[in-house]
Each structure stands twice: as structure tokens, then as C-alpha cells.
Amino acid sequence: MRRCRVTVWVVWIDLVGILAIVFKVTVPEKVQLSMHMVRQGKTVQLRLRKDLTRSVKRGHAWLYSDAIDLVRADSGSVAVLSDRRGDKQLASGIYDPGHAIPLRICCTQPPLTLDDAWLARRLQAAVELRETAFDQHTSGYRLVAGEGDGMPGLIVDVYDRTAVIKLDGGAPQAFYQPSGIAQWLCDHLPVECVVLRSRQRGSAGEVLIGQLHSENVPFLENGLRFTADVLHGQKTGFFLDQRDNRALIECLSRGRRVLNLFSFNGGFSVAAGRGGAAQVTSVDIAAPAIA
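According to the numbering used here, the residues represented by the sequence shown are 77 to 367, in order.
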């Protein structure tokens, strides 16, 4: 929870109005956060233009503009999709009529409501899945992988006790409420700080909850120690999706000379070094990468 200090000015006047005392009281206050995690508002009704019912039910996460009858609505609105006849509701998703992919499907099983309870269930499922995949040797991982976890456009990466949220596109930015998601993460994970990263190139991250003691957050990956610049680094600070490839390079590097081009923060170089490479050369044009 965020904490703040509230300053209260108290004025006391006695019964006969002779004496007036003004004093200041400063007390700590625990702010009760009741922020939503997803957008609240009217649901948009959509209808398929093509016979894609089977594709939707099989889990196809995107519908292009030529597949549905578009209606006017705000970007990030919740939409319920029906079949071509309009007789049967098939799915619900995030809607943006101005995008080439106007509907990102979130749910194909009733209830089709996309509310805080829905997102909490999806987040909890993602947490439980990762608990089965990592041990104490890995504290940096992708907790939410957008469509792969049934939460289109939402990315959450965890670096030990710091989480980073990134939203992919205008509709997800309008639909998801980062402050509410950040609070959920702090309540359900051993996370003490949550950062929001923007898709805008060159923009710095914003701390939503907690305190970031250093821009370079330490974490473990398969026992290797790395740091992620969660405020200014590429993506969320580290290419966590390359974990298995780094492990593969480690296995292939013994006795070899390894050249790592576009090395960024040197993940492949470190893996090659532990794998017994005879020589590792890292090359990058960015000054922070070779500092």
C-alpha cells in the first residue's frame, strides 16, 4: 500500500469567542486503494461478418477489420462478439474500431464479463503456472505474456521483488488500469515495487508503487546474476524470452570462441562464459551496454 502523511489544520474557538487556537496535526495515513484493474463502461455488441466461429472457439486471439461488422466506440471498450446471425454469443474482448486488429479476444467461455474478477482469475492462473516452472535459481521471468495468458496486450515481467508492466497498443492502454494491477501484484506476490513502461521510444518508466532503490535491478536466471534497467532499458529492461536460448548457448560454448553482436546487457556472453568458452567478444553500439 502507498502511504502518505496528511496535514490537518484544526481551528478551535472557545464558547465565548475570546480565544482562538490554530494548530497543525500531521498524521500518517494508510491509503485504501480501491482502484479498478480494467476499464468500466458500456459493453459493445459486435457480429461476425465471416464464418469464423470455429476459429474463435479454437482460440484464435485476433479478429481483423474485415471479419466483423465495425461499430463506433471508444478504443479499449469491452466488446461481446456474436455469430453472423447474431443468435449466439461467442466471445468477449478488447475493442478498437480504428485498429487493423479491432478485436483482441479475451474470453470464449461464459461468463463473458471482462471485469476485475476476470482479470484477477487470469493473473492468479499465470502466477500458479510460473510457480511450477521456476525454482530459487531463477527470479527473473515473464509473469504475463499477453495473448499467451489470455490477457491480450498485457505484459508483466518480474525481476526478483520488482515487477514491470507494459501495455501493447492503444486499446490495451485504455482497457487495463496499471495502478490497480500494480496493487494486485503487491498483494499476491513478494513484489515491493512496480514500474510502468511506455511503448513510446525513449520514454522513462514510472514507479507506480514502492521505491526503486536503483535503476539496475538485480535478479537470477538459471543461477546467473544479471541486472535490468527497468526505467530506461529496452523492453522492460531485459530480454527474458531468450532464457532458453541463453541456456542452449551455454551448452554449446565449451572451448569455442563466441562473438555476441548487439550484446545489450550481455546475457548470451555471460552464459557462454559459464559454459566454458575459450573467448567471448561482446559488441554493441550503445554506450551503457559496453560501459
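Using N, Cα and C, we set each Cβ at its ideal position, and we do this for glycine too.
Rounded to the nearest angstrom, what separates residue i and residue j at their Cα positions?
i: Ser274; j: Leu243; result: 7 Å
i: Arg115; j: Gly152; result: 8 Å
i: Leu272; j: Asp233; result: 11 Å
i: Tyr235; j: Asn336; result: 23 Å
i: Arg353; j: Ser339; result: At residue 353 the sequence reads Ala, which differs from the Arg that was named. Rounded to whole angstroms, Ala353 to Ser339 spans 16 Å at the Cα level.
i: Trp138; j: Ile181; result: 6 Å
i: Ser345; j: Ser358; result: 7 Å
i: Gln355; j: Asn292; result: 26 Å
i: Arg301; j: Asn341; result: 12 Å
i: Asp159; j: Asp192; result: 26 Å
i: Pro248; j: Gly222; result: 10 Å
Using a Cβ-Cβ cut-off of 8 Å (strictly less than) and excluding sequence neighbours within five positions of residue i, which residues of its own chain qualify?
i: Ala155; result: Thr119, Val120, Gln121, Leu122, Ala149, Ser168, Gly169, Ile170, Tyr171 and Leu179
i: Arg330; result: Gly351, Gly352 and Ala353
With distances taken from CA atoms, which of the options is nearest residue i?
i: His289; options: Arg301, Asp127, Cys269 and Val132; result: Cys269
i: Ala134; options: Leu335, Cys183 and Leu146; result: It is Arg, not Ala, that sits at residue 134 in the sequence shown. Arg134 has its Cα closest to that of Cys183, out of Leu335, Cys183 and Leu146.
i: Ala143; options: Leu335, Ser131 and Ser358; result: Ser131
i: Tyr217; options: Leu335, Leu296, Phe344 and Glu223; result: Leu296
i: Lys126; options: Gln116, Leu157, Gly117 and Ser151; result: Leu157
i: Gly343; options: Ala354, Asp360, Gly331 and His308; result: Asp360
i: Pro350; options: Arg197, Asp191, Asn298 and His112; result: Reading off the sequence shown, one finds Arg at residue 350, where the question assumed Pro. Minimum Cα distance to Arg350 is reached at Asn298.
i: Thr214; options: Ser345, Thr303 and Ile241; result: Thr303
i: Gly313; options: His136, Val240 and Pro186; result: Val240
i: Thr129; options: Val147, Lys164 and Met111; result: Lys164
Residue i lies in the beta strand (DSSP E); which residues open and close that run?
i: Asn298; result: Asn298 -> no beta strand (DSSP E), and no H or E assigned at all.
i: Asp233; result: Leu230 to Tyr235
i: Thr238; result: Thr238 to Leu243
i: Val154; result: Ser153 to Ser158
i: Leu195; result: Element bounds for Leu195: not the beta strand (DSSP E) but the alpha helix (DSSP H), Asp192 to Glu207.
i: Leu261; result: First-last for Leu261: Pro254 to His264, but that is the alpha helix (DSSP H), not the beta strand (DSSP E).
Apart from the five residues just before and just after residue i, which ones in its own chain have a Cβ nearer than 7 Å to its Cβ?
i: Pro266; result: Arg237
i: Ser141; result: Ala176 and Pro178
i: Phe210; result: Tyr217
Can you list, in chain order, the residues of its chain whose CB lies under 6 Å from that of residue i, leaving out five sequence neighbours each side?
i: Ala347; result: Arg322, Ile325 and Glu326
i: Asp145; result: Arg123 and Arg125
In the DSSP assignment, find the unbroken alpha helix (DSSP H) run with residue i in it and report its ends.
i: Ala347; result: Gly343 to Arg350
i: Val114; result: Run containing Val114: none; DSSP gives neither H nor E here.
i: Thr312; result: Run containing Thr312: none; DSSP gives neither H nor E here.
i: Val132; result: Thr129 to Lys133
i: Arg319; result: Arg319 to Leu328
i: Gly246; result: Gly246 to Phe251
For the region 255 to 265 and the region 171 to 184, state whether three or more C-beta atom pairs, one from each stretch, are separated by less than 8 Å.
Touching, no.
Does the region 246 to 256 touch the region 220 to 231, meaning 3 or more C-beta pairs lie closer than 8 Å?
Touching, per the Cβ criterion.
Cβ contact (3+ pairs, closer than 8 Å) linking the region 276 to 288 and the region 192 to 204
At 8 Å Cβ cutoff, the stretches do not touch.
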